[in-house]
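Worksheet: one structure, shown below.
Number of protein chains: 2
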Amino acid sequence: MNVTIINIGDELLIGQVVNTNASTMARMLTEAGMEVGKTVVVGDSRDDIWQAVDVAMHASDTVLVTGGLGPTKDDITKKLLCEYFGSELVESEVALENVKRLFAVRGFELTPVNRAQALVPKCCEVLNNDVGTAPCMWFQVESGKWKEEREATQDGLPHTVLVSLPGVPHEMEWLMANRVIPKLQETFQTETIINKNILTQGIGESFLSDLIEPWELALPKCIRLAYLPVAGMTKLRLTCRITPDNPETPDIPELLQGLYKIAGQYIVGEDCETLAELVHKTLSERGLTLATAESCTGGTIASQLTAQAGASAYFKGGVVAYSNEVKECALGVHHSTLEAHGAVSEETAREMAEGVRKRLGADLAIATTGIAGPDGGTKEKPVGTVWIAVADATHTEAQLLSFPGRRRQQNIDRTVNQAFSMLMKLVVK
Amino acid sequence: MNVTIINIGDELLIGQVVNTNASTMARMLTEAGMEVGKTVVVGDSRDDIWQAVDVAMHASDTVLVTGGLGPTKDDITKKLLCEYFGSELVESEVALENVKRLFAVRGFELTPVNRAQALVPKCCEVLNNDVGTAPCMWFQVESGKWKEEREATQDGLPHTVLVSLPGVPHEMEWLMANRVIPKLQETFQTETIINKNILTQGIGESFLSDLIEPWELALPKCIRLAYLPVAGMTKLRLTCRITPDNPETPDIPELLQGLYKIAGQYIVGEDCETLAELVHKTLSERGLTLATAESCTGGTIASQLTAQAGASAYFKGGVVAYSNEVKECALGVHHSTLEAHGAVSEETAREMAEGVRKRLGADLAIATTGIAGPDGGTKEKPVGTVWIAVADATHTEAQLLSFPGRRRQQNIDRTVNQAFSMLMKLVVK
């Protein structure tokens, strides 16, 4: 069961929008035991879409297409698919009812442009889109160009499925979860894929690779190991495929024991995609509360934690102390500390962490202060100089980081990950 | 000048990592007047990479490949390209010096695994990677499989260029800016592409499309219009291509006057990718300072502003007031207000905005409080209920939002955009 994802949109090809749809769809398919072989992005151009669809129809069991279904003039996917499958556009009762319902809910008048959203190729099956007006269309037919080719080649290809989804991320996601994946699981026999993540920090990718080489070479054949360096940490991913031909599941906990023996000191946690997720899980489980005092990370630590449902169970809140006045008035950093050591200093980081912990009444605190760049450095404190402090009721630990680069977002992201690692060490010590 | 981007990595195909490389590269190429026709993602599989490279070499003027250049076993790009171009691996002096230099800077011992990073196909030109140990390789040769095919077809194809870059985002970005784009501009004659963004809020995509249809139909042929709905706002993008065949530049300011006449009330700003960028630009230019008090947005407003270099010029700081205690102790929200109206109420939002503005000594303030979901709603205040307040020295404006969905990130992102729009209205009123 091999899937090709095609995402359509000029905005993706000029880099205005990051293609999160591809990764969201890939993650959902992977979790459902389906393998994505390729993802392709093309613009709102008839020839490019046609060619991408045609190549994918010959190379995959399933083709998922997003985008180009809106009511505006740059949206051409529907007409093109209609032609590709040799069909004609007809008004779908299901789709029209859906459009009417959504407009009634919003209290809007139905315009001809919106009514046209209910037009679909006659040969497709409409999968109802409860959360939007664009139709989701399932094609599993032998007609038009596709049928002629199939007849000409007689190559016994499986019935390739093509599904066209809207490109609006939340509509796509709802449709994948509620319509497309269940129907794909019914249609194809899917294999089981097990992914296992191990988060490491404090060792570069190549050193880690050298260190664990004997362990890696001894892994069973059905397991693949990947190294994913992300903002200062390296995530190891084990992918294990259980197929009807290779039905045996290897003993992953036992395999991991071997890894811990060699590299345990660098392992921060397991089974999470990010360190924010690991902190979220750990603090929720242990019933510990947290407060944050962020200068150079500017709210990124707080936003990564609160992006996760249930953060209110442990996250009291935080202060984004961007100016020195705020460090004094909202966190209680001493004026004399700032005068004597500067905002980017161990002393300030410690007072920020201790101050926010006490003022917000939390068990734990994280504080960051530094120069994220690209400008603002001095000779003594160049861009990339960052102090992090973590505190509990009895201890405050501080650490100096010196990032070599001037890239603001990179320095922020690395600081956030290092801060989460330090907090984890404080918590599990 | 048509570019295909190929990003290699299993982590992209299982959805663990969002492919930001494709959008970063596309943005940089577009700004340099080069057109991306297609982007493709394939896994760390020999056959898939080979096929994607081969298809792209026949369809594009330039093929940019990222990924699979690290020192670990899942990295196979270099060997594959060596074979594709019929070359052999040799140790590059330039690349070896670079690896040695970077290891010396970091104070690490050079291992055999790292030394192997200096091996490159003999037929390529190494573009020096100042910021990492993986080599950047420029192929513009007629040899191996590629040469045989070119000789067989005699179709006078231009000399297709292939460049292999590391997949680590900051290395890729540095190489694109400092090595690849300058060399592509030397090699090809590039056309000029003008993009113009207009940010709108308060009108859905289809209504906007209906409203501006007469204007859209009258646009010159060299201009394409796209609708990009993002978290509650719709960005309009005009793309204008100036080529040697069509060298005339349309009068874009005059065209926009027509748009303002029809839809001016919905236009929040121009020439920015995001509302955060518009706020950043406007407050910097006007010398106004800002403080934030965030509950349901959890620091996202602060982090979007501070992600931009120079935010300290106007951003004083903020409070992430996740718990009621923090709303009281750090923002001065009255206990009686929280008792009488609850945390998610107009009164609380107003007191949060006014409190943070005064306490942090800013000209302006934004406050958010709501139920982002997926859980935590009540009958009176269901998930998606959000209050936003914006304040200056004399006015406080508050607005109730009722998002229909339960998706946490979506509700957060829409709240952030609505808050930025309200602030812009307060500032430019």
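Protein chains in written order, with our numbering: chain A, 4 to 432; chain B, 4 to 432.
Where is the CB? At the ideal position from N, CA and C, for every residue including glycine.
Remember, it's a predicted structure, so these values are computed and weren't measured experimentally.
Query                                                                                                                                                                               : Result
Taking C-beta pairs closer than 9 Å, name the residues in chain A that B/L318 reaches, listed in chain order.                                                                       : It should be noted that the sequence gives Phe, not Leu, for residue 318 of chain B. By Cβ distance, chain A contributes G301, V323, Y325, S326.
Report the rounded CA-to-CA distance for B/R410 versus A/T23, giving the unit in angstroms.                                                                                         : 15 Å
Could you spell out the range, first to last residue, of the alpha helix (DSSP H) harbouring A/C243?                                                                                : That residue, A/C243, is in no alpha helix (DSSP H); its beta strand (DSSP E) goes 236 to 245.
Put B/G159 into one of helix, strand or coil per three-state DSSP.                                                                                                                  : Confidence at B/G159 is low in this model, with a pLDDT of 46, below 50, so the placement of that residue should be treated as unreliable; the coordinate-derived value is given next. Of the three classes helix, strand and coil, the one that applies to B/G159 here is coil, per DSSP.
What three-state label does DSSP hand A/C275 in the structure shown?                                                                                                                : coil
Give a yes or no on whether 8 Å exceeds the smallest Cβ distance from B/I197 to chain A.                                                                                            : no
Which residue wins for smallest C-alpha separation from B/L262, given the options B/W218, B/S63, B/K432?                                                                            : B/W218
Give the range of the beta strand (DSSP E) segment to which A/Y263 is assigned.                                                                                                     : Premise fails: A/Y263 lies in the alpha helix (DSSP H), 255 to 266, not in any beta strand (DSSP E).
Alpha carbon to alpha carbon, how far is B/A98 from B/D138? Give it in angstroms, no decimals.                                                                                      : Note that residue 138 of chain B is Pro in the sequence shown here, rather than Asp. Answer to the nearest angstrom: the Cα atoms are 6 Å apart.
Taking the Cβ atom as the reference point for each residue, do B/K199 and B/I270 lie within a distance shorter than 8 Å?                                                            : no
For B/S26, count neighbouring C-beta atoms within 10 Å of its own C-beta (all shown protein chains included) and say buried if the count is 16 or more, exposed if not.             : buried
Please list the partners that A/H398 has in chain B, where partner means a Cβ-to-Cβ separation under 8 Å.                                                                           : The premise fails here: A/H398 is roughly 23 Å from chain B at the closest Cβ pair, so nothing lies under 8 Å.
From the DSSP output, in three-state form, read off B/A324 for me.                                                                                                                  : strand
Which same chain residues end up closer than 8 Å to A/A310 when comparing Cβ atoms and leaving out the 5 residues on each side of it in sequence?                                   : A279
In the DSSP assignment, find the alpha helix (DSSP H) that holds A/A107 and state where it starts and stops.                                                                        : 96 to 109
For A/Q120 and B/A333, I'd like the C-alpha separation in whole angstroms.                                                                                                          : 50 Å
Just grab the DSSP bridge partners of B/M140 for me.                                                                                                                                : B/V129, B/S167
Taking 8 Å as the threshold (C-beta atoms), are B/L231 and A/E14 in contact?                                                                                                        : yes
Might you give, ordered along the chain, the residues of its own chain that have their beta carbon closer than 6 Å to the beta carbon of A/V43, omitting 5 neighbours on each side? : I9, A55
When burial is assigned at 16 or more other CB atoms within 10 Å of the CB, is B/P250 buried or exposed?                                                                            : exposed
Run down chain B in chain order and give the residues with a C-beta less than 7 Å from the C-beta of A/C139.                                                                        : Simply none; closest approach about 17 Å.
According to the Cβ coordinates, are A/A4 and A/D64 closer than 8 Å?                                                                                                                : Correcting the residue type first, residue 4 of chain A is Met in the shown sequence and not Ala. Going by C-beta atoms, A/M4 is nearer than 8 Å to A/D64.
Could you tell me which of A/V431, A/L404, A/S315 sits nearest to B/G376, measuring between CA atoms?                                                                               : A/S315
Looking only at DSSP bridge pairs, what is B/R353 linked to?                                                                                                                        : Paired residues: none, contrary to the question.
Does the beta carbon of B/G70 sit closer than 8 Å to a beta carbon anywhere in chain A?                                                                                             : no
Which same chain residues end up closer than 8 Å to B/T190 when comparing Cβ atoms and leaving out the 5 residues on each side of it in sequence?                                   : Q143, V164
So the candidates are B/L83, B/T246, B/G207; which of them puts its Cα closest to the Cα of B/K224?                                                                                 : B/T246
What separation, rounded to the nearest whole angstrom, lies between the Cα atoms of A/A356 and A/N414?                                                                             : 20 Å
Let me know if B/E34 comes out buried or exposed under the rule of 16 or more other beta-carbons within 10 Å of its beta-carbon.                                                    : exposed
Sort out for me which residues DSSP pairs A/I52 with in a bridge.                                                                                                                   : According to DSSP, A/I52 bridges with nothing at all.
Measuring straight from C-alpha to C-alpha, what distance separates B/R353 and B/A392?                                                                                              : 6 Å
Quick one: does A/T23 have its CB under 8 Å from some CB of chain B?                                                                                                                : yes
Quick one: list the residues of chain A neighbouring B/L231, beta-carbon separation under 8 Å, in chain order.                                                                      : E14, Q19, V20
When Cβ atoms are compared, which residues of the segment 332 to 364 of chain A fall closer than 8 Å to chain B?                                                                    : C332, A333, R362, L363, G364
Between A/K382 and B/L83, what straight-line distance do the alpha-carbon atoms span, to the nearest angstrom?                                                                      : 45 Å
Measuring CA to CA, which of B/E288, B/H337, B/I201, B/L241 is closest to B/G272?                                                                                                   : B/I201
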